[in-house]
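Chains as they are written, first to last, in the numbering used here: chain A, 6 to 96; chain B, 11 to 422.
Even glycine gets a Cβ: it sits at the ideal position worked out from N, Cα and C.
Shown next, in structure tokens, is the structure this report addresses.
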């Protein structure tokens with residue numbers, strides 16, 4: 006089913022490490038507006054995307070049970086949780 | 011007479027193929043999808059076809075072009091995702107950057123496959139064993155994109171055999187075909203496994219008693235030219251199969267087009283026109299991004315009864331704007347059948363570079379139209395695709411979305 010994806014637009018607080026390696030920026034954990042904290046165990050892919058000339062970095066990450074899509078707006082320096090992908094066990 | 015004039019030069023062409031590309035990238039991006047059957051479609055609708063299936067889904071019989079409803083019946087637990095072009099373009103660019111480290115002569119054949127020609131690489135690179143280079147490229151892809159990004163590498167004296175080599179041990183192969191291993195490599199294949207041999211060509215070959223790639227290889231040039239392909243294609247196949255290069259050709263852009271499978275059977279003609287208008291805007295933008303103007307417009311319609319209707323029209327002067335393309339497309343479409351339309355498409359052809367030098371009575375008007383069009387394109391480039399578009403196409407954005415084209419890397 007397509008319904009394993011939940012489309013969101015939640016402003017989130019993120020703890021990230023800026024360092025070296027494959028991902029120069031590595032989100033480590035984030036807090037959702039409902040207070041729930043999610044610890045990231047793997048960054049699957051980070052890729053840039055554009056809204057006109059504005060660059061957004063998309064981080065597809067997982068906490069080991071659910072996959073999430075986080076977007077960093079490089080102009081406004083804001084993070085949004087835009088997708089939650091779950092329900093794999095019911096498939 | 012059979013002649014074994016195989017190309018015995020050192021294999022210097024490398025073909026790199028990301029199999030099940032979009033599905034593999036999704037599995038890389040979303041760790042929870044790894045090991046699960048995944049299918050990628052361009053739209054969230056039961057009637058849409060699969061664009062890519064993961065290996066796990068292919069094992070159960072899912073294949074490219076299969077309807078989602080059909081795939082769902084075949085594959086238990088199938089996860090269907092909508093394609094995400096920016097993600098695939100990113101991986102495409104990463105792959106291209108990795109390939110460019112080895113030679114300036116690379117060709118991206120499509121979003122998921124590329125070729126490195128080592129004939130013109132530096133001496134340092136040429137002295138290396140290309141198997142090691144292939145292994146290094148595979149590792150770089152894993153290191154720089156992610157651990158799920160496996161690919162196939164094929165090395166051979168020409169493009170065709172390099173692609174064939176890359177298909178021998180999917181999904182994580184690295185194979186070489188040269189004059190010593192050519193026959194053994196072809197032994198394991200069927201005619202239809204060869205790139206360029208589909209149903210029609212297979213039938214032609216069968217008609218003269220050729221049923222296997224080895225028989226195809228052993229056929230003489232005359233038989234292929236006079237009896238099978240009835241053209242120079244026969245000679246080309248004879249040379250291609252023996253490892254001689256015939257596919258190093260760059261084709262000029264002749265048309266720019268887009269098509270759309272309607273989301274419902276119950277759309278009014280006006281609704282269909284709005285979608286056609288959207289396609290025209292998209293075609294116009296693509297055409298202008300390549301610095302071209304067109305002289306002709308072609309419109310087609312496919313119906314649920316598998317009928318194909320089309321009309322084309324040439325214009326005395328080249329045209330450039332979305333409005334001009336749509337005006338002609340709408341005029342042609344007015345003659346189309348009105349019931350049972352399943353798919354619509356529009357193309358611009360007879361492409362010309364830049365502005366026309368011909369003087370015209372309407373020169374000022376055309377110049378103004380060009381300036382407005384350029385200004386709108388500039389706004390859309392700056393603030394995002396379709397920031398400014400015709401009022402007529404409001405509401406079509408979520409339907410007629412731009413997807414990744416297969417077989418062409420022009421717009422990546």
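Would you mind reading off the limits of the alpha helix (DSSP H) that contains residue i?
{"i": "residue 239 of chain B", "result": "Neither: residue 239 of chain B is in no alpha helix (DSSP H) and is coded neither H nor E."}
{"i": "residue 210 of chain B", "result": "209-217"}
{"i": "residue 76 of chain B", "result": "Where residue 76 of chain B is concerned, there is no enclosing alpha helix (DSSP H), given that its DSSP letter is neither H nor E."}
{"i": "residue 146 of chain B", "result": "140-154"}
{"i": "residue 336 of chain B", "result": "332-343"}
{"i": "residue 96 of chain B", "result": "95-110"}
Taking only three categories from DSSP, how would you classify residue i?
{"i": "residue 294 of chain B", "result": "helix"}
{"i": "residue 50 of chain A", "result": "strand"}
{"i": "residue 67 of chain A", "result": "strand"}
{"i": "residue 44 of chain B", "result": "coil"}
{"i": "residue 50 of chain B", "result": "strand"}
{"i": "residue 32 of chain A", "result": "strand"}
{"i": "residue 322 of chain B", "result": "strand"}
{"i": "residue 87 of chain B", "result": "coil"}
Can you list, in chain order, the residues of its chain with a C-beta nearer than 6 Å to that of residue i? Leave out the 5 residues immediately preceding and following it.
{"i": "residue 80 of chain B", "result": "none"}
{"i": "residue 381 of chain B", "result": "none"}
{"i": "residue 76 of chain A", "result": "61, 63, 85, 87"}
{"i": "residue 76 of chain B", "result": "60"}
{"i": "residue 320 of chain B", "result": "310"}
{"i": "residue 20 of chain A", "result": "33, 34"}
{"i": "residue 82 of chain B", "result": "88"}
Just tell me which of the options has its CA closest to the CA of residue i.
{"i": "residue 246 of chain B", "options": "B:168, B:334, B:160, B:209", "result": "B:168"}
{"i": "residue 318 of chain B", "options": "B:292, B:68, B:346", "result": "B:346"}
{"i": "residue 47 of chain B", "options": "B:73, B:54, B:309, B:263", "result": "B:73"}
{"i": "residue 309 of chain B", "options": "B:297, B:283, B:302, B:327", "result": "B:283"}
{"i": "residue 94 of chain B", "options": "B:351, B:36, B:259, B:255", "result": "B:36"}
{"i": "residue 26 of chain A", "options": "A:37, A:12, A:51, A:15", "result": "A:51"}
{"i": "residue 82 of chain A", "options": "A:11, A:13, A:14, A:18", "result": "A:18"}
{"i": "residue 384 of chain B", "options": "B:144, B:357, B:302", "result": "B:302"}
{"i": "residue 296 of chain B", "options": "B:21, B:387, B:190", "result": "B:387"}
{"i": "residue 96 of chain B", "options": "B:273, B:314, B:32", "result": "B:32"}
Please state whether the Cβ-Cβ distance between residue i and residue j is less than 8 Å.
{"i": "residue 355 of chain B", "j": "residue 294 of chain B", "result": "no"}
{"i": "residue 9 of chain B", "j": "residue 203 of chain B", "result": "Here chain B has residues from 11 to 422 only, and residue 9 of chain B is not among them."}
{"i": "residue 41 of chain B", "j": "residue 42 of chain A", "result": "no"}
{"i": "residue 51 of chain B", "j": "residue 30 of chain B", "result": "no"}
{"i": "residue 121 of chain B", "j": "residue 100 of chain B", "result": "no"}
{"i": "residue 24 of chain B", "j": "residue 128 of chain B", "result": "yes"}
{"i": "residue 57 of chain A", "j": "residue 397 of chain B", "result": "yes"}
{"i": "residue 186 of chain B", "j": "residue 165 of chain B", "result": "yes"}
{"i": "residue 201 of chain B", "j": "residue 181 of chain B", "result": "no"}
{"i": "residue 71 of chain B", "j": "residue 84 of chain B", "result": "yes"}
{"i": "residue 430 of chain B", "j": "residue 270 of chain B", "result": "There is no way to answer for residue 430 of chain B, as the model of chain B reaches only from 11 to 422."}
{"i": "residue 140 of chain B", "j": "residue 21 of chain B", "result": "yes"}
Below 8 Å CB to CB, which residues in the same chain sit around residue i once its five sequence neighbours on both sides are set aside?
{"i": "residue 379 of chain B", "result": "330, 331, 333, 334"}
{"i": "residue 110 of chain B", "result": "116"}
{"i": "residue 496 of chain B", "result": "In the structure displayed, chain B extends from 11 to 422; residue 496 of chain B sits before or after that span and is not available."}
{"i": "residue 198 of chain B", "result": "178"}
{"i": "residue 66 of chain B", "result": "45, 46, 47, 48"}
Ordered along the chain, which non-local residues of its own chain (more than five positions away) have a Cβ less than 7 Å from that of residue i?
{"i": "residue 287 of chain B", "result": "336, 400, 402, 403"}
{"i": "residue 155 of chain B", "result": "38, 101, 104"}
{"i": "residue 254 of chain B", "result": "17, 168"}
What span of residues does the beta strand (DSSP E) with residue i cover, start to end?
{"i": "residue 352 of chain B", "result": "351-359"}
{"i": "residue 21 of chain A", "result": "18-23"}
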